[in-house]
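> Letter by letter, the sequence shown follows residues 1 to 1054 of full-length UniProt numbering. Sharing a structure with you now.
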Amino acid sequence: MSTNGKALKKQQKLDLEEKELVIKQVGKSQTTTLQSFNYDNETVSGSKKDISGQWPPAYNPMPIEQSWYEYWNQKGYFKPIKSDHKFVILIPPPNVTGSLHIGHALTNAVQDALVRYYRASGYETLWLPGMDHAGISCQVVVEKKLAKENITKYDLGREKFVEKIWEWKNEYGNKIYKQLKKLGSSLDWERSVFTLDSERIKAHDEAFKRFFDDGLIYRDNRLVGWDCTLQTAISDVEVEYMNVTGPIQLEINGKKYPFGNLWNFGYPVIPDSLIQKDDQEIAQFYDENITELKKDVLIFGTTRPETMIGDSALAVHPEDERYTLYHNKFVYHPIRRCKIPIVTDNILVDINFGTGVVKITPAHDPNDFETGKRHNLEFINMLQTNGNCYAPNTEFHDVPRLDARIQIIQFFTKLELYQGKTPNPMAIGLSQRSRDVVEPMLKPQWYLNCESMAKQSLLAVEQGDLIITPKQHEQTWKNYLENIRPWCISRQLWWGHQIPLYKVWIEGQSAPDGSTIDHWVFGRNEEEARKNGIQKLKSQNIQVERDQDVTDTWFSSSLFPFSAFNWPDSNEDFNKYFPSTVLETGHDILFFWVARMVMTSLHLHKKLPFKEVYLHAMVRDSKGEKMSKSKGNVIDPLDCIFGISLKDLHARLREGNLSENEIKLAEKLQKAEFPAGIAQCGTDALRMALCLYTGAGRSVNLDLNKIISQRNFCNKIFNSVKYAIQFCNINDDTIGEFTSIEKFFEYSYQNKASLRIETKDILRKLSQAIYKYNKSYRQNLLNEASEAVLIFWWDEFCDKFLETVKPLNNDLFTKQTLLAIIDTCLRLIHPFMPFLAEEMYQHLPHFKAENFDSIMVATMPKDCHWFNFGDYQEFIQYDEKCVNIDSIYTKIRTDQVFAIGSEQFDVAMHCTKVIRSIRAQYKLTNQKVKVFVNYQLNKEQLNIITILGQLESIEVIEKEEKMQYCACGIVSADISLFVFLKGLVDFQRESELKQKELMNINEQIIKTQVLMEGDNYCKMPQKLKDGYQVKLADYLSKRNTLEDVIQQYQQMAE
């Protein structure tokens, strides 16, 4: 064999070993290749799928999920159908720059499950799609794209740059819509809106005008959170805080800088003889007498040395005796080469913290800002908009601020005024978008006063007018709104809604600086601004200039509940669908978006924008870590649907902006998290898994095995329907005289006395599932609704009923029961698994009055009245307010005859379970066995146990009768079973094997007891001691069990 051949063989061996290791690590289900399948006939896109001919040999989501979405959309099933009862929900508009992530998948799985349920329940249902213009992120994407061509936005100018963004939006911006369709989202696409289209601009400007006219929008020169990377102000809720306990190196824009220290510096106290001198003379004195700098120094600490450039004073506590002599004196500022005052302040200064001396930088710290106002200090801006220092005539001018941090430490070290550092726990504010450190910066901005609106919004929840679920989030709502601050709504961007305000002045005069609201008038355009300016200034000769800023993206998003319906124009959609019914979204944007929608709607419309808020958890990886591209743990939902190899996951990392080191780390993490890649699971399995997850608290740890488990459930549904149709030969003749499913249930109810117990049981269990399902939907508990269907279909229908009635596959009523249950269950599962439900539904024959073209329009099984959304009492008192006692499902669920039949069936199933356990214990796989039971079971029960337990016979015996050569199984306090084992089991051999096990257990007990009695045991941590105690108790329990079994074997061997 050649060298290459040997190398290839060796590589193949290594690949095989790695594959085996991966299978061992993640389980076979994650590495199973699904069997491909092509239908006999092709389907033209948009037409009804042709599933005639052969069935797929096994469940495979790819062929089953194809074609249905286009058909539904073409048929207009996503549009509202007129009804007196409405269910309206708006999509949280995804960013135009976005690509589908698992959070979107969870949101849309939940919303589509809601929409499909209410649509099938007869509500006039509208799910309105929209897309957000995503001001900051969209502008950044296009700027980066232009940067690759060495073009900046300033090269193009505002108008041309905005044109470039529109070009990008039109080419790439609808990507996420295509992805949402892959998820099966049944949105009314013809009503799709964009938050920067002409109708939304009209709504934005009208809302702005009303707030402005009401005096709620005002101009103020105050501290804002400034993102130096994006060069714009950001709101408080767009800042994420990183808590550090001590010194760290934090990477900002690709470079590491020190944080988590309190650096100590000294400013020289200026002698009384120099106080009357000007700054130039004082600086000259210290230049010529350098040693004077160290003579009398006030020491202070700071976590941000770069801001010393903007210091305008030092402060001491008025009662701090250490500094009484320094009251009303001055210190020398070595950077700006000037004197600054020493002030006394009992609000800012804590005598017991640090040295008791505090530097004051009014233009760059919120506390210092207030102190500066109290003492009428100079507000010195030391920062440019790009994050470079503003320090004219110093060596720090135009130096990046965090580089200046290091340089200032070096500068003061040379002057011998640097006094070292101490660790300092702190919270570092980072911009959510750029991950840059947010800088407090003094900027004139537009603010929206939210105080009165916040009070109304608080009251709405307190009075029960607005329902928030889960209820735990009400506290977050309360905390945010009780501490509401003015909302900075202006952003220094070019992409977005340009602020409709114009600076106005009389021609020939100097243009005002725009620092106060008196300099401004409203105008949707220049013509309107001129008209308002003439009226304001009482002159025809005026100049106007529009504000260059745009509003915060969240401002236009807060108008979405009504702007989506083309408000302020009066139109049919607005009058009919506003306010909407439910707002469903992640709890992370409760104050970003939800609270602001409520505030703006209450002010502008005097009504809530929706009646209920349903918040879902945030998705994290399987270990509870936040998903991040740099970590490599991000899960693209499309990868769960179609599957992806580990190699392709690695390759995708290189498509982004990660550094080589980040890529290597991410690859390592991906290999640990997804050793076999991500298995192909399909849309239905993903949706079902995500809906089951919604019962979690604040976060969900996404485990791929849970999605694979739902793929297995899909397989269970597929096989059970296939079995019922093919093996039981269910066809159009099966329907008989029944015109609908409800007619079948009514017949069953009227003839309940003659029903077999397994039929009574399955109809009662189905009615119970329908009750739990509808109740869970009303209470926004989709995890419980989906769980109700899963448990019924898997446990009750497949594992119990289907197995029980297999011998009756030619009985007409059994076939009708199977058909009615499968049809009903497919309707229940349809909101969660629409594709599989549709495909299986199309295979079924249909009752004459229910020959629907699609499961999309098949009516939902209901045992409840119409819901009155927003009624809190209905929400918490479902049984009293909603349950329809006249529903056939309620009658069956509450009927005593069905209850007794169900109890009898449950007893038979418990008996079967005990028999199966004994069979497994004695390895009696295929042998028919004799069973004795000491309880009077009826004939139907005995028959079920015989079938399911694979019995030769079953005989009822007296309670006290002793049975020999039998294994005993306890069913309940009243019922015991005895499986006759003579001739089936070699008791002597089994006894010998158990004796060996007992010897091993005794050895472990002695070994553990010796260890626990030794000297070292006392020195062990309590956790280890507890572990050994648990281990010993387990060994002792096993010994007792083995001794009993051995005794039984020896008795039966005699």
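Quick reminder that beta carbons are idealized off the backbone N, C-alpha and C, glycines included. Because the structure is a prediction, the values reported are computed rather than measured.
In three-state terms, what does DSSP make of asparagine 221?
Here the question's residue 221 lines up with position 221 in the sequence shown. In this structure, asparagine 221 counts as strand in the three-state DSSP scheme.
> In chain order, what residues of the same chain have a beta carbon less than 6 Å from the beta carbon of arginine 711, not counting five sequence neighbours either side?
Here residue 711 corresponds to residue number 711 of the sequence shown, with the count starting at 1. Correct list, in chain order: Cys681 and Ala685.
> Name the two residues that bound the continuous beta strand (DSSP E) containing glutamine 86.
Counting from one through the sequence shown, the residue named residue 86 turns up at place 86. Correcting the residue identity first, residue 86 is lysine in this sequence and not glutamine. Looking at the DSSP string, the run of the beta strand (DSSP E) that includes lysine 86 is 86-90.
> Tell me which residues share the same chain as tyrosine 418 and place their Cβ nearer than 7 Å to its Cβ, disregarding the 5 neighbours each side in the sequence.
Looking up residue 418 in the sequence shown gives position 418. Here the set comprises Phe265, Ile409 and Phe412.
> What's the C-alpha gap between isoleucine 757 and histidine 104?
For the purposes of this step, residue 757 is taken as residue 757 along the sequence shown, with counting starting at 1. For the purposes of this step, residue 104 is taken as residue 104 along the sequence shown, with counting starting at 1. Here the C-alpha atom of isoleucine 757 lies approximately 45 Å from the C-alpha atom of histidine 104.
> If you run the structure through DSSP and keep just helix, strand and coil, what is cysteine 968?
Working through the sequence shown from its first residue, we reach residue 968 at position 968. Looking at cysteine 968 - three-state DSSP - the assignment turns out to be strand.
> Which same chain residues end up closer than 7 Å to phenylalanine 642 when comparing Cβ atoms and leaving out the 5 residues on each side of it in sequence?
By 1-based counting over the sequence shown, the position of residue 642 is 642. Gln680, listed in sequence order.
> In angstroms, rounded to a whole number, what distance separates the CA positions of asparagine 934 and isoleucine 970?
Locating residue 934 in the sequence shown gives position 934, where the first residue counts as 1. Locating residue 970 in the sequence shown gives position 970, where the first residue counts as 1. Rounded to the nearest angstrom, the two C-alpha atoms are 10 Å apart.
> With DSSP as the reference, label leucine 100 as helix, strand or coil.
Position 100 of the sequence shown, counted from the first residue, corresponds to residue 100. Leucine 100 falls in the coil class under three-state DSSP.
> When burial is assigned at 16 or more other CB atoms within 10 Å of the CB, is asparagine 261 buried or exposed?
Working through the sequence shown from its first residue, we reach residue 261 at position 261. Taking all protein chains in view, the Cβ of asparagine 261 is crowded by 16 or more other Cβ atoms within 10 Å, so the residue is classified as buried.
> Leaving out five residues on either side along the sequence, give the residues of the same chain with a beta carbon under 6 Å from the beta carbon of proline 341.
The count along the sequence shown starts at 1 and reaches residue 341 at position 341. Setting aside the 5 residues that flank it on each side, proline 341 is surrounded in the same chain by Ala313 and Phe330, each with a C-beta closer than 6 Å to its C-beta; the list follows chain order.
> Quick check: methionine 618 and aspartate 588, are their CB atoms within less than 8 Å of each other?
Along the sequence shown, one-based indexing puts residue 618 at 618. Along the sequence shown, one-based indexing puts residue 588 at 588. Closer than 8 Å, so yes.
> For the putative contact between glutamate 507 and isoleucine 542, defined by C-beta atoms under 8 Å, what is the C-beta separation to the nearest angstrom?
As a working mapping, residue 507 is identified with position 507 in the sequence shown. As a working mapping, residue 542 is identified with position 542 in the sequence shown. About 6 Å; that satisfies the 8 Å criterion.
> Could you check how far apart the C-beta atoms of valine 88 and tyrosine 577 are, in whole angstroms? I think they sit under 8 Å.
Here residue 88 refers to the residue found at position 88 of the sequence shown. Here residue 577 refers to the residue found at position 577 of the sequence shown. Yes, valine 88 and tyrosine 577 are in contact; Cβ-Cβ is about 5 Å, under 8 Å.
> Measuring alpha carbon to alpha carbon, tell me which of Ile947, Thr894 and Asn108 ends up nearest residue 1063.
The shown model of the chain, from 1 to 1054, leaves out residue 1063, and the question about it has no answer.
> Taking the DSSP output, what are the residues bridged to methionine 599?
What you label residue 599 is simply residue 599 of the sequence shown in a count that begins at 1. Paired residue(s): none; methionine 599 is not in a bridge.
> Which residue comes first and which comes last in the beta strand (DSSP E) that contains glutamate 507?
By one-based count along the sequence shown, residue 507 stands at place 507. Premise fails: glutamate 507 is in no beta strand (DSSP E) and is neither H nor E.
> Starting from cysteine 488, follow its DSSP beta bridges and name the residues at the other end.
As a working mapping, residue 488 is identified with position 488 in the sequence shown. Answer is Tyr447, bridged to cysteine 488.
> How about valine 239 and valine 438: do their beta carbons lie closer than 8 Å?
Within the sequence shown, the letter at position 239 stands for residue 239. Within the sequence shown, the letter at position 438 stands for residue 438. Cβ atoms of valine 239 and valine 438: closer than 8 Å.
> Check whether the Cβ atoms of phenylalanine 208 and arginine 200 lie closer than 8 Å to each other.
Numbered from its first residue, the sequence shown carries residue 208 at position 208. Numbered from its first residue, the sequence shown carries residue 200 at position 200. Against a cut-off of 8 Å, the Cβ pair of arginine 200 and phenylalanine 208 comes out as no contact.
> Going by C-alpha distance, which of Ala427, Ile299 and Asn575 is nearest tyrosine 326?
The residue you call residue 326 lines up with position 326 of the sequence shown. Per the Cα distances, Ile299.
> Measure the C-alpha to C-alpha separation of glutamate 319 and arginine 401 and round it to an integer number of angstroms.
Here residue 319 refers to the residue found at position 319 of the sequence shown. Here residue 401 refers to the residue found at position 401 of the sequence shown. Glutamate 319 and arginine 401: Cα-Cα distance of roughly 35 Å.
> Nearest to glutamate 667 by CA position, among Asn633, Thr694 and Asp879, is which residue?
Taking the sequence shown and counting its residues from 1, one reaches residue 667 at position 667. Comparing Cα-Cα distances from glutamate 667 to each of Asn633, Thr694 and Asp879, the minimum goes to Asn633.
> Is the beta carbon of isoleucine 136 closer than 8 Å to that of arginine 433?
One-based indexing of the sequence shown puts residue 433 at position 433. One-based indexing of the sequence shown puts residue 136 at position 136. In contact: arginine 433 and isoleucine 136 (Cβ atoms closer than 8 Å).
> Compare the C-beta of glutamine 1029 against all C-beta atoms of chain D and say whether one is closer than 8 Å.
The chain labelled as chain D is not found in the depicted structure, where only one protein chain is given.
> If I follow the unbroken beta strand (DSSP E) through threonine 413, where does it start and stop?
In the sequence shown, counting from the first residue as 1, residue 413 sits at position 413. Counting along the chain, threonine 413 falls outside any beta strand (DSSP E), though it belongs to the alpha helix (DSSP H) covering 401-414.
> If asparagine 73 and glutamine 35 are in contact, beta carbons under 8 Å, what's the gap, nearest whole angstrom?
Translated into the one-based positions of the sequence shown, residue 73 becomes position 73. Translated into the one-based positions of the sequence shown, residue 35 becomes position 35. Actually they do not touch by this definition, with Cβ atoms about 29 Å apart.
> Can you have a look at residue 1112 and say buried or exposed, based on whether 16 or more other CB atoms are within 10 angstroms of its CB?
Because the chain spans 1 through 1054 in this model, residue 1112 falls outside it and cannot be assessed.
> List the whole-angstrom C-beta distance separating methionine 382 from isoleucine 428, where the pair is believed to meet the contact cut-off of C-beta under 8 Å.
Translated into positions along the sequence shown, residue 382 becomes position 382. Translated into positions along the sequence shown, residue 428 becomes position 428. Rounded, the Cβ-Cβ distance is 19 Å, inconsistent with contact.
> Does the separation of the CB atoms of glutamate 839 and isoleucine 51 fall below 8 Å?
For the purposes of this step, residue 839 is identified with residue 839 of the sequence shown, where counting begins at 1. For the purposes of this step, residue 51 is identified with residue 51 of the sequence shown, where counting begins at 1. Against a cut-off of 8 Å, the Cβ pair of isoleucine 51 and glutamate 839 comes out as a contact.
> Nearest-angstrom Cα distance between threonine 894 and glutamine 816?
Numbered from 1 along the sequence shown, position 894 holds the residue referred to as residue 894. Numbered from 1 along the sequence shown, position 816 holds the residue referred to as residue 816. Threonine 894 and glutamine 816 have their C-alpha atoms spaced approximately 23 Å apart.
> Given a cut-off of 8 Å, decide if tyrosine 218 and tyrosine 447 are closer than it, judged by their beta-carbon atoms.
Locating residue 447 in the sequence shown gives position 447, counting from the first residue. Locating residue 218 in the sequence shown gives position 218, counting from the first residue. Yes, the Cβ-Cβ distance between tyrosine 447 and tyrosine 218 is below 8 Å.
> Just the C-alpha distance for alanine 689 and glutamate 70, rounded to the nearest angstrom, thanks.
Numbered from its first residue, the sequence shown carries residue 689 at position 689. Numbered from its first residue, the sequence shown carries residue 70 at position 70. When rounded, the distance between both Cα atoms is 24 Å.
> DSSP three-state call for glutamate 961: helix, strand or coil?
Along the sequence shown, one-based indexing puts residue 961 at 961. Glutamate 961: coil per DSSP, three-state reduction.
> What is the DSSP secondary structure of glutamine 384, counted as helix, strand or coil?
Residue mapping note: residue 384 aligns to position 384 of the sequence shown, counting from 1. If DSSP states are grouped into helix, strand and coil, glutamine 384 belongs with coil.
> Are the CB atoms of leucine 442 and phenylalanine 379 nearer to each other than 8 Å?
On the sequence shown, position 442 is the one that residue 442 refers to. On the sequence shown, position 379 is the one that residue 379 refers to. Yes.
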